[in-house]
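At position 181 of the sequence shown (counting the first as 1) the number is 222 in the numbering used here, and the numbers step up by one without a gap. In what follows, a single structure is set out as structure tokens and then discussed.
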Amino acid sequence: MQNTITQQGCLYVCGTPIGNLEDISLRALKILRQVDLVAAEDTRHTRKLLNHYDIKVELISYHEHNRYERGRELVGRITDGLQVALVSDAGMPGISDPGHDLIAAVLKAGLAVIPIPGPTAAVTALVVSGLKTDRFAFTGFLPRKRNERLAEIERLKSYPYTMIFYEAPHRLKATLKDMHEVLGNRNASVARELTKLYEENLRMPLQSLREHFENNEPRGEITLIVEGAGEGSLSYAPADIDLDELLQQLLAGGLSKSEAAREAASRTGLPRRELYKRML
Ligand code: SAM
42 MQNTITQQGC LYVCGTPIGN LEDISLRALK ILRQVDLVAA EDTRHTRKLL
92 NHYDIKVELI SYHEHNRYER GRELVGRITD GLQVALVSDA GMPGISDPGH
142 DLIAAVLKAG LAVIPIPGPT AAVTALVVSG LKTDRFAFTG FLPRKRNERL
192 AEIERLKSYP YTMIFYEAPH RLKATLKDMH EVLGNRNASV ARELTKLYEE
242 NLRMPLQSLR EHFENNEPRG EITLIVEGAG EGSLSYAPAD IDLDELLQQL
292 LAGGLSKSEA AREAASRTGL PRRELYKRML
């Protein structure tokens with residue numbers, strides 16, 4: 042039943058699972074039960090989630106192709122006092138889906154937007170990649186056309202921090218190839234089907250990822266994490282090697298700094314430049 046016009050209208054931006062239906066907060070369930078209307082990217086998809094939790098609420102579609110007219114309609118209904126929850130097919134609305142437009146329109150109309158945080162594939166994949174997390178860029182989907190994709194990767198080549206990409210399975214091999222050719226053999230991670238039955242995290246350099254997916258056709262939902270330029274990440278260092286001790290031994294053995302860096306790189310698989318910087 043709808044609330045009366047006396048209540049304050051607002052838009053709840055509501056995080057939902059990225060696979061495992063249990064990854065939803067108690068607060069999100071409470072809000073989904075209490076709102077007048079849920080605006081969903083794909084109503085059939087969201088209905089499954091709501092049925093799982095026995096939530097009965099009116100659903101309305103809000104997606105890429107109706108976002109302008111539906112956005113105006115939703116702003117009108119929130120202005121009239123309705124409480125609306127915005128959800129996407131997976132994760133946080135507004136991250137690589139049309140949610141942002143509605144959020145901006147509601148704010149522009151001077152109405153309240155309230156976050157109900159939940160998982161997002163980008164951050165979930167990042168934290169288990171083993172690559173640096175202190176600074177990172179979310180880059181979303183790369184362009185589909187090869188020349189545009191290459192130009193974008195080229196633009197990111199000097200970006201010094203970890204990068205997060207979303208990718209469709211049928212484009213993964215081409216993207217890994219382009220990245221390997223432009224960025225070199227950087228450490229990376231492919232997070233596939235996070236939180237689902239066939240979850241897989243492949244943490245290896247771009248070349249090995251290319252080889253892996255030449256023999257294993259990519260399937261499912263994919264988030265790709267790639268280390269930033271120059272810095273190199275020490276995350277894949279074998280746990281039992283003391284890097285400083287190794288470098289000191291090599292220097293004491295008569296190698297120059299650059300020779301020691303090269304030798305340590307070949308023994309540990311770590312980027313030579315990172316090892317060289319460590320000696321300075
Ligand atoms: N709003 C969502 C979020 O917060 O993560 C992302 C929406 S975007 C349209 C969908 C893309 O997110 C997929 O193509 C995939 O790249 C990534 N993704 C979503 N679920 C995933 C999962 N379970 N495992 C890995 N990547 C996932």
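Cβ coordinates follow ideal geometry from the N, Cα and C atoms, glycine included. Note that this is a predicted model, so its numbers are computed, not measured.
Under the criterion of a Cβ to heavy atom distance below 6 Å, does residue i qualify as lining the ligand SAM?
i, result
"G333", "Outside the modelled stretch of the chain, which goes from 42 to 321, sits residue 333, for which no answer is possible."
"L235", "yes"
"E262", "yes"
"M133", "yes"
"T161", "yes"
"S129", "yes"
"Y207", "yes"
"I136", "yes"
"A232", "yes"
Please classify residue i: does DSSP put it in a helix, a strand, or coil?
i, result
"E99", "strand"
"T57", "strand"
"P184", "coil"
"A126", "strand"
"V79", "strand"
"L91", "helix"
"M42", "Annotation note: pLDDT 44 at M42 (below 50); position unreliable, no value reported."
"K109", "Contrary to the premise, residue 109 reads as Tyr rather than Lys in this sequence. The answer is helix: DSSP assigns Y109 an H, G or I state."
"G140", "helix"
"L160", "Contrary to the premise, residue 160 reads as Pro rather than Leu in this sequence. Coil at P160, not helix or strand."
"K318", "helix"
"A150", "coil"
"N242", "strand"
"E262", "coil"
"L62", "coil"
"E268", "coil"
Near residue i, what residues of its chain come up, given a Cβ to Cβ distance below 7 Å and the 5 sequence neighbours on each side ignored?
i, result
"L148", "V154"
"L191", "D219, V223"
"P40", "There is no way to answer for residue 40, as the model of the chain reaches only from 42 to 321."
"G269", "Y200, P201, Y202, T203, M204"
"V128", "C55, T57, V79, A81, T87, P134"
"Q248", "H221, N226"
Short of 8 Å in beta carbon distance, which residues of its chain neighbour residue i, apart from the five on each side in sequence? Order them along the chain.
i, result
"T120", "G50, A150, L152"
"L291", "E300, A301, E304, A305"
"L91", "L73, V79, K97, V98, L100"
"T216", "L183, R190, F206, E208, L265"
For residue i, which residues from the same chain have a beta carbon less than 6 Å from its beta carbon, with the 5 sequence-adjacent residues on both sides left out?
i, result
"P58", "D64, I65"
"L296", "none"
"T180", "M204, F206"
"V169", "N242"
Sequence ranges, beta strand (DSSP E) only - wholly within the segment 167 to 229, length at least 3: 177 to 182, 203 to 208
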